[in-house]
Structures are given as structure tokens and as C-alpha cells.
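A.B. asks:
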Amino acid sequence: MLVYGAIVLSLVGLILGLSYVLGQRHKDRATGEPYEGGIVSAGGARMRFSSQFYLVAMLFVIFDVEVIFILSWAIAFRELGWYGYAGVAVFVLMLVVVLVYEWRNGALDFGPNGNKILAAYKRLTQKPTA
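Position 30, counted from 1, in the sequence shown is what full-length UniProt numbering calls 30; the numbers after and before it change by one each time, with no gaps.
Okay, structure coming up:
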């Protein structure tokens, strides 16, 4: 066991030494920055997100969990029978009700109102009357 440990430690030392000797040495502007990716960062890491972002993230998690439950139901479909079918039907119905509720409350509204966009488009495309 000691021989194995010595071999492992010597290989680790060899690899680290070779990477130090053969590796590139450069000092670009962004090299010392945290999360360096070759691009100079703009702005701070404490960027504020709209609360809409968090709402969409929660909806994604909820409907992602829905997929897990429905997939597990589909795998065990034959063993569950009609009882399982009724259970998943109630589950999907509850999720549809939640989706309609969120839609009605404006949780899925992103950007400007669609009616305003259509009205502006109609004004632009109308032929001028002479």
C-alpha cells in the first residue's frame, strides 16, 4: 500500500511539475479576474434580476417535477391500472388549474401588451387616406 501511495504521489508531482514547466505564461487584463474566461467583465456580480425571473424559475421547477411524476407513472402504468390513471389525471388537472391561475394573474406576461403592439402595427401599415 505504501508503494502504491508513493507511486501516486510521484505521478501527481510529476504532472504538476510538467504543467508548470511546459505551461503557458501570460498576463492579460482578465487573467487575474475571478471567473476568468478571456473576456473582461463588465458590471458587478450583484446584478439585480426582475421578480418575474424568479417566478418563471419557480414555474419551471414545478412543471419539471410534473414531468418526473408523469414519467414515473408511465413506467408503472400496467401495475397501477385505473387507480393510477385517475390519480395522474387529478394531478394533471390540478397543474392545469395552477397554470390557468398563473396565466390569469399575469405571471406569464413578458414585455409589452400584445394588443398595443398590434395596434401600433396596424397604424404603421394603414394606407394614408388622400
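We put the beta carbon where it would ideally sit given N, CA and C, even for glycine. Computed from a predicted model, the values in this text were never measured in an experiment.
Where do the ends of the alpha helix (DSSP H) carrying G81 lie?
C.D. replies: Here the question's residue 81 lines up with position 81 in the sequence shown. From DSSP, the alpha helix (DSSP H) with G81 extends over F77 to R104.
A.B. asks: Less than 8 Å between C-beta atoms, sequence neighbours within five positions excluded: which residues of the same chain meet that for G87?
C.D. replies: Looking up residue 87 in the sequence shown gives position 87. Cβ within range, chain order: W73 and L80.
A.B. asks: Secondary structure at A107, three-state DSSP: helix, strand or coil?
C.D. replies: In the sequence shown, counting from the first residue as 1, residue 107 sits at position 107. Three-state result, A107: coil.
A.B. asks: Would the C-beta of R104 count as close to the ligand HEM, meaning under 8 Å from any of its heavy atoms?
C.D. replies: Because no ligand of any kind appears in the structure shown, any question about the ligand HEM cannot be addressed here.
A.B. asks: Check each candidate in I15, G5, R25 and V56 and name the one with the smallest Cα separation from G106.
C.D. replies: Numbered from its first residue, the sequence shown carries residue 106 at position 106. Cα-wise, what sits closest to G106 is V56.
A.B. asks: Assuming S10 is part of the alpha helix (DSSP H), what are its boundary residues?
C.D. replies: Within the sequence shown, residue 10 is the residue found at index 10, counting from 1. Here the alpha helix (DSSP H) through S10 covers L2 to L22.
A.B. asks: Taking only the alpha-carbon atoms, compute the straight-line gap between L93 and E66 and give it to the nearest angstrom.
C.D. replies: Against the sequence shown, residue 93 aligns to sequence position 93. Against the sequence shown, residue 66 aligns to sequence position 66. Going from the Cα of L93 to the Cα of E66 covers about 11 Å.
A.B. asks: Considering only the beta carbon of each residue, do F53 and L95 sit closer than 9 Å?
C.D. replies: For this step, residue 53 is matched to residue 53 along the sequence shown. For this step, residue 95 is matched to residue 95 along the sequence shown. No, the pair does not count as a contact, with Cβ atoms beyond the cut-off.
A.B. asks: Could you tell me whether the Cβ atoms of I68 and F91 are closer together than 9 Å?
C.D. replies: Residue mapping note: residue 68 aligns to position 68 of the sequence shown, counting from 1. Residue mapping note: residue 91 aligns to position 91 of the sequence shown, counting from 1. Contact: no.
A.B. asks: Measuring straight from C-alpha to C-alpha, what distance separates F77 and A89?
C.D. replies: One-based indexing of the sequence shown puts residue 77 at position 77. One-based indexing of the sequence shown puts residue 89 at position 89. Looking at the two C-alpha atoms, the distance is approximately 13 Å.
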